[in-house]
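In the working numbering, the protein residues as written are -17 to 141.
Below: one structure, written as structure tokens.
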């Protein structure tokens, strides 16, 4: 698997990406996220590709994105995280999160914290994030779809 920033050449991958109604309770569609990224240069749509298929999608949001969840000016927010319905349960979400720190170090060298907010009802996602070294430090906030658990992954400063 590899992570790639969205490019129009990758559009065919988006056309075949499927989310279930249950998934849509907690996240937006890649198509909507890509449209927002096109008009906001601080949002970066990221595709996780495995065997020439889009299996996981998310957005990395700089600047104002993480502000509701972190006071750190060097934080980056993960949002709109999802795995294609047909590929759930195969470990692709976890694999993409394991690749994320090195991807961030390479493409966003000024970042030292990756932050995300997950719905308190989405216990499966919370467990996944914890298994990938995201920390729940007890911060809670309200989002559009209910209470959110704020979690952070701290990148080591490489000298």
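Don't be surprised by glycine CBs; every beta carbon is placed ideally from N, CA and C.
Computed from a predicted structure; not experimentally measured.
Which of the three DSSP states is assigned to residue i in this structure?
i           : result
residue 100 : strand
residue 21  : helix
residue -3  : helix
residue 52  : coil
residue 105 : helix
residue 80  : helix
residue 85  : helix
residue 112 : helix
residue -9  : helix
residue 39  : strand
residue 66  : coil
residue 3   : helix
residue 93  : coil
residue 14  : helix
Considering only residues of the same chain and omitting the five flanking positions on each side of residue i, which have a CB-CB separation below 7 Å?
i           : result
residue 113 : 76
residue 155 : Nothing about residue 155 can be read from this structure; the chain reaches only from -17 to 141.
residue 151 : Lying before the first or after the last residue shown, residue 151 is absent from the chain, which here runs from -17 to 141.
residue 32  : -17, 74
Using a Cβ-Cβ cutoff of less than 6 Å, which residues in the same chain neighbour residue i once the five nearest sequence positions on both sides are dropped?
i           : result
residue 136 : 95
residue 123 : 130
residue 85  : -15
residue 25  : 18, 19, 41, 43
residue 121 : 132
residue 81  : -15
residue 111 : 133
Take the Cβ of residue i as the centre, count every other Cβ of all protein chains shown within 10 Å, and call the residue buried at 16 or more, exposed below.
i           : result
residue 99  : buried
residue 41  : buried
residue 102 : exposed
residue -9  : exposed
residue 117 : exposed
residue 2   : exposed
residue 47  : buried
Assuming contact is defined by CB atoms lying nearer than 9 Å, are residue i and residue j in contact in what I supplied?
i          : j          : result
residue 13 : residue -4 : yes
residue 92 : residue 56 : yes
residue 61 : residue 15 : yes
residue 89 : residue 37 : no
residue 35 : residue 11 : no
Could you name the residues of the same chain whose beta carbon sits closer than 8 Å to that of residue i, not counting the 5 residues immediately before and after it, in chain order?
i           : result
residue 127 : 7, 8, 101
- Item | Given 8 Å, three or more beta-carbon pairs between the region 46 to 66 and the region -16 to -9 | no
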